[in-house]
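**Student:** Note that the protein sequences, when read in sequence, are chains A and B.
In our numbering, each residue's number is its place in the first sequence (first place is 1) plus 801.
In our numbering, each residue's number is its place in the second sequence (first place is 1) plus 5.
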Amino acid sequence: GQQVMQIPQYQHVQEGEDFTTYCNSSTTLSNIQWYKQRPGGHPVFLIQLVKSGEVKKQKRLTFQFGEAKKNSSLHITATQTTDVGTYFCAGLTDSGGYQKVTFGTGTKLQVIP
Amino acid sequence: DAGVIQSPRHEVTEMGQEVTLRCKPISGHDYLFWYRQTMMRGLELLIYFNNNVPIDDSGMPEDRFSAKMPNASFSTLKIQPSEPRDSAVYFCAAGGATWTPLNTGELFFGEGSRLTVL
């Protein structure tokens, strides 16, 4: 079945450093979404990318969707302690006319003040 | 709208007991997803529904697991009999608010049900 992998699994950074997580799907995606889960919380939607090669920015966060629509990345510039949490990509695939959403393995970010 | 509501928030039970987890999705959302989260396996898709119809249950681990969605405002995930390896956080998520034929849009997650099977 479809697999969505993320690297790294864990990342510790000093506050102010940059952070990047990479997402790779075993199959071509129709769209990709990104979510953030705070410790003890539930995943919260950040953004959706639809087009091949698309780049979107949200303040210090930059999201990219690969040309082949099989990979994506999230880059955070100058991390802050509020960025702590686990970041998940979610690959959307067309499944018999319906849309299946498969989450990646996640990257847990710890920011050291 | 209060968002996706799950119950119970926490459940501790003994091996062999039946467990029923409940979800009240957001009205007007066509998709409902059940996920299981553990440290080892991350967020696993168990089953999803569209307009109350189960579309894909290939992620359901075993026959001990079953899910229903009798109407647009209620879904259940049942485990019978439960086993210690079923211990996890179970999330329900609603999607499809901006549904087009190939887009669920943003998924809204409930707070989750933390299940511990002793």
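Just so you know, even glycine gets a beta-carbon here, dropped at the ideal spot from N, CA and C.
Are any of the Cβ atoms in chain A nearer than 9 angstroms to that of D61/B?
**Tutor:** yes
**Student:** Can you pull the DSSP bridge partners for H876/A?
**Tutor:** T821/A, T863/A
**Student:** Please classify R41/B: does DSSP put it in a helix, a strand, or coil?
**Tutor:** Strand, per DSSP.
**Student:** Take every Cβ of the region 71–85 of chain B, pair it with every Cβ of the region 878–893 of chain A, and state whether three or more of those distances are shorter than 8 angstroms.
**Tutor:** no
**Student:** If you run the structure through DSSP and keep just helix, strand and coil, what is T894/A?
**Tutor:** If DSSP states are grouped into helix, strand and coil, T894/A belongs with the strands.
**Student:** For T906/A, go through chain B and note every residue whose CB falls closer than 8 angstroms to its CB, in chain order.
**Tutor:** Under the 8 angstroms cutoff, chain B gives G47.
**Student:** List, in chain order, every chain B residue whose beta-carbon is nearer than 9 angstroms to that of V912/A.
**Tutor:** Those within 9 angstroms of V912/A in chain B number zero; the least Cβ separation is about 20 angstroms.
**Student:** When the Cα atoms are used, what is the spatial distance from P106/B to M20/B?
**Tutor:** Caution applies to P106/B, whose pLDDT of 47 falls short of 50 and renders its modelled position unreliable; the value that the coordinates give is listed next. Near 42 angstroms, if we compare the C-alpha coordinates of M20/B and P106/B.
**Student:** How many Å lie between N57/B and F38/B at the Cα?
**Tutor:** 11 angstroms
**Student:** Span of the beta strand (DSSP E) holding K16/B?
**Tutor:** Correcting the residue identity first, residue 16/B is Glu in this sequence and not Lys. Where E16/B is concerned, the enclosing beta strand (DSSP E) stretches over 15–18.
**Student:** Restricting to Cα atoms, I'd like to know which of G907/A, V902/A, I913/A, V912/A is closest to Q803/A.
**Tutor:** V902/A
**Student:** Please report whether the beta-carbon of P844/A lies at a distance below 9 angstroms from any beta-carbon of chain B.
**Tutor:** yes
**Student:** Does the separation of the CB atoms of S24/B and S63/B fall below 9 angstroms?
**Tutor:** Per the sequence presented here, residue 24/B reads as Val, with Ser not at that position. No, these two residues do not count as a Cβ contact at 9 angstroms.
**Student:** When you compare only the Cα positions, how much space is there between P66/B and D91/B?
**Tutor:** 10 angstroms
**Student:** By the criterion of Cβ-Cβ separation under 9 angstroms, what are the contact partners of G115/B in chain A?
**Tutor:** Taking a Cβ-Cβ threshold of 9 angstroms, the residues of chain A close to G115/B are H843, in chain order.
**Student:** Run through the DSSP bridge pairs and tell me what V122/B is partnered with.
**Tutor:** As DSSP reads the structure, V122/B sits in a beta bridge with T18/B.
**Student:** Which residues, in chain order, does the region 886–899 of chain A contribute to contact with chain B at a C-beta distance below 8 angstroms?
**Tutor:** F889, A891, L893, D895, S896, G897, G898, Y899
**Student:** Do you know how far the Cα of V122/B is from the Cα of E16/B?
**Tutor:** 8 angstroms
**Student:** Quick one: what's got a C-beta closer than 7 angstroms to R41/B's C-beta in the same chain, skipping five residues either side?
**Tutor:** E49, L51, A93, Y95
**Student:** Would you mind stating whether I808/A and T908/A have Cβ atoms separated by less than 9 angstroms?
**Tutor:** yes
**Student:** Consider the Cβ of A77/B: report whether some Cβ of chain E lies at a distance smaller than 9 angstroms.
**Tutor:** Of the protein chains in this structure, namely A and B, none is chain E.
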